[in-house]
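Below: one structure, written as structure tokens.
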Amino acid sequence: MLTDHRLRSLPRPLPVLGLLVLLGAVALPRPAAAQDDGAPTLEQDDDFNKGGRTAFQFLKIGVGARQAALGEASVALVRDVSAAFWNPGGIAGIERYEASLTYTRWLAEMNYAGAAVGARVRGIGTFALSVAALDYGDIPEAIVGTGNSDPRTGNTFSGGDFMAGLSYARDFTDRLAIGVGVKYLHEDLWEESAGTLAFDIGTNYEVGYRGIRIAMAAQNLSGSVSWRADSLTDRTEGYDLPLIFRVGVAGDVVGPDAFVRVDGPHRLVAAVEAINTNDFSERLHVGLEYTFSDLLALRGGYRMNYAEGNWSVGAGLRPTIGSMRVRLDYAYVGYEFLDAPHRLSVGFAF
């Protein structure tokens, strides 16, 4: 919701489009250069899959039940404190103070949790602190090269990932918000560990027609992180982070000022989002959200070009308790061969 203290000057289309194009040029992964030894050049095509060559894969796990239920088509739609995990420009939607907490029962009995708090500082901008942690649980230890005998030793080991970030966004006009973020990443696995810094940048632009919003975000901008290459030497090898570039659009389909004008408590919003990463071919997310009286929400989404977790559904409640607005959200993502993860989120705005 826009507030009166924001500037009322409308940005010219050319500077805005130029900024969005610049974000795309920065974030788009580039093919590897040809090697002098005659090795083939890596090119991104329909079969491009380099997932095993990027580190900190937990960064691909979405934080937020609302976003997950929408098929993760949320970069242009969600404008609250949870946007710190997706698009730092989206936290400009915070009006005063907000907090959120998300829990995910992830695959293979792993546990993933994320939390964020944010505040708008009048005349300066909006800030958000975010943390997320993935617990691998107990992993059975096994020894390689035992022949036909059981390689398991009976012992277990564990590991986990951790992220802590700070995001800042500012409204440059009543329609354009730009945000940046910095985060510290750390990963532990058995006796190995690694850490690094990464940066996010994002925009959110309100067109001013039928509730249409356009947004872009580049996530995990960083250099490579080093891991020990084998157990016999101290030789290390660098791995890139999963660089994610998002561009999305959302708009009001049904509502008082939507494409289908309907007065009353009913509202339907649609969102489409394209994803480009440096370790997989392009993907497309679509989502729908129906709300009744701004209290009850029903959501559905679909993710294209995924082997698992294509479709999702969810629901949410937004009761008001005194002067505090509460958000309760749930999401179920359908998996065919793996246990489907459940997400629960709770948020507060006051």
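Going by our numbering, the sequence shown opens with residue 123, and the numbers climb by one from there.
We put the beta carbon where it would ideally sit given N, CA and C, even for glycine.
Item to check | Which listed residue (388, 335, 265, 253) has its alpha carbon closest to that of residue 275 | outcome: 265
Checklist entry - Which residues in the same chain as residue 187 place their Cβ atom closer than 8 Å to its Cβ, once the five residues preceding and following it in sequence are excluded? => result 224, 436, 438, 451, 452, 453, 465, 466, 467
Checklist entry - DSSP beta-bridge partners for residue 233? => result 227, 257
Item to check | Cβ shell of residue 250 (< 6 Å), same chain only, five flanking positions each side left out | outcome: 203, 206, 213, 238, 240, 289
Checklist entry - Counting pairs of Cβ atoms below 8 Å between the stretch 336-349 and the stretch 363-382, do you hit three or more? => result yes
Next on the checklist: Our contact map puts residue 379 next to residue 333 with C-beta atoms below 8 Å; I'd like the distance itself, whole angstroms only.
Outcome noted: Between residue 379 and residue 333, the beta carbon gap of about 7 Å places them in contact (Cβ cut-off 8 Å).
Item to check | Range of the contiguous alpha helix (DSSP H) that encloses residue 189 | outcome: 187-191
Checklist entry - Is the beta carbon of residue 248 less than 7 Å from the beta carbon of residue 291? => result yes
Checklist entry - Does the beta-carbon of residue 157 have 16 or more other beta-carbons within 10 angstroms, so that it is buried, or is it exposed? => result Note that residue 157 scores a pLDDT of 35, beneath 50, so its modelled location is shaky and nothing firm can be said.
Item to check | Other residues of its chain near residue 324: CB distance less than 6 Å, five sequence neighbours each side excluded | outcome: 209, 210, 211, 301, 339
Checklist entry - In chain order, which beta strand (DSSP E) runs of at least 3 residues are fully inside the stretch 403-450? => result 405-414, 418-426, 433-439
Next on the checklist: What would DSSP say about residue 454, mapped onto helix, strand or coil?
Outcome noted: strand
Checklist entry - What does a CB cutoff of less than 7 Å around residue 143 pick up in its chain, not counting 5 residues either side in sequence? => result Residue placement at residue 143 cannot be trusted, given a pLDDT of 41 that sits under 50; what the coordinates show is reported in the next sentence. Excluding sequence neighbours, residue 143 sits near nothing in its chain.
Next on the checklist: I want to check one thing, is the minimum distance from the CB of residue 404 to the heavy atoms of the ligand FAD below 6 Å?
Outcome noted: Although the ligand FAD was asked about, the structure shown includes no ligands whatsoever.
Item to check | Contact set for residue 460: own chain, Cβ-Cβ below 7 Å, skip 5 residues either direction | outcome: So the list reads 229, 430, once near-sequence residues are dropped.
Checklist entry - So who's on the other strand from residue 371, going by DSSP bridges? => result 336, 394
Checklist entry - Cα separation between residue 308 and residue 367? => result Taking the straight line joining both Cα atoms gives about 22 Å.
Item to check | Which of helix, strand or coil DSSP assigns to residue 262 | outcome: strand
Checklist entry - Per DSSP, what kind of secondary structure is residue 215 in: helix, strand or coil? => result Three-state DSSP puts residue 215 in a helix.
Checklist entry - Is it buried or exposed for residue 398, if we count other Cβ within 10 angstroms and need 16 for buried? => result buried
Next on the checklist: Taking the beta carbon of residue 258 as the centre, do at least 16 other beta carbons fall within 10 Å, making it buried, or is it exposed?
Outcome noted: buried
Checklist entry - Sorted by chain position, which residues of the same chain lie with C-beta nearer than 6 Å to residue 335's C-beta, five sequence neighbours on each side aside? => result 198, 328, 372
Checklist entry - Comparing alpha-carbon positions, which option in 432, 426, 393, 448 lies nearest residue 370? => result 393
Next on the checklist: So the candidates are 277, 286, 222; which of them puts its Cα closest to the Cα of residue 448?
Outcome noted: 222
Checklist entry - Looking only at DSSP bridge pairs, what is residue 309 linked to? => result Among the bridge pairs identified by DSSP, residue 309 is matched with 283, 316.
Item to check | Pairwise C-alpha distance: residue 395 and residue 405 | outcome: 9 Å
Next on the checklist: Whole angstroms are fine: how far does the CA of residue 413 sit from the CA of residue 457?
Outcome noted: Taking the straight line joining both Cα atoms gives about 26 Å.
Next on the checklist: If distances are taken between C-alpha atoms only, which option among 219, 178, 227, 175 comes closest to residue 455?
Outcome noted: 227
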